[in-house]
Amino acid sequence: MDEPEKVYDASHMAQLYQELPNHWLLLEVLETNEHGRAEKLRLLKYAKDKNELYEYLLDEDPHWEWSKRYIFVFSDPEKECEIP
Numbered sequence: 227m228d229e230p231e232k233v234y235d236a237s238h239m240a241q242l243y244q245e246l247p248n249h250w251l252l253l254e255v256l257e258t259n260e261h262g263r264a265e266k267l268r269l270l271k272y273a274k275d276k277n278e279l280y281e282y283l284l285d286e287d288p289h290w291e292w293s294k295r296y297i298f299v300f301s302d303p304e305k306e307c308e309i310p
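Residue numbers (the working numbering): 227 to 310.
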């Protein structure tokens, strides 16, 4: 992914599923609501192969930290988008 990292509201994730169908998404949780559900997320990288995302996170992400929350999501356009 050569474009800059983008920040999304959780409500816009369904649109992202349609834009990047059948890809693994690596997201950083930036904000959560009072119930602990993600509200604002940063798309760090996407790929067809989930292993590419692991490699990116462990080897290439200059801002990686233990204190950050990351999630991996498969964008299946046939299923409802649900971000934990």
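Glycine included, C-beta positions come from ideal geometry on N, C-alpha and C.
Predicted model only: the values in this text are computed from it and were never measured.
Exercise for review: Since I believe Lys-274 is in contact with His-249 (beta carbons under 8 Å), could you give me their beta-carbon distance rounded to a whole number of angstroms?
Suggested key: In the sequence shown, the residue the question calls residue 249 occupies position 23. In the sequence shown, the residue the question calls residue 274 occupies position 48. With 8 Å as the limit, His-249 and Lys-274 qualify as a contact, their Cβ atoms being about 6 Å apart.
**Study point:** Residue burial classification, Val-233 (beta-carbon count within 10 angstroms, cutoff 16)
**Key:** As a working mapping, residue 233 is identified with position 7 in the sequence shown. That one is exposed.
Exercise for review: Evaluate Leu-267 with the Cβ neighbour count: other Cβ atoms within 10 Å of its Cβ, from every protein chain shown; 16 or more gives buried, anything less gives exposed.
Suggested key: The count along the sequence shown starts at 1 and reaches residue 267 at position 41. Leu-267 should be labelled buried.
Practice item. Whole angstroms is fine: what's the gap from Gln-244's alpha carbon to Tyr-282's? Key: Residue mapping note: residue 244 aligns to position 18 of the sequence shown, counting from 1. Residue mapping note: residue 282 aligns to position 56 of the sequence shown, counting from 1. Each residue's alpha carbon lies about 23 Å from the other.
Review point. Just how far apart, CA to CA, sit Glu-278 and His-261?
Key: Translated into the one-based positions of the sequence shown, residue 278 becomes position 52. Translated into the one-based positions of the sequence shown, residue 261 becomes position 35. In a straight line, the C-alpha of Glu-278 is about 31 Å away from that of His-261.
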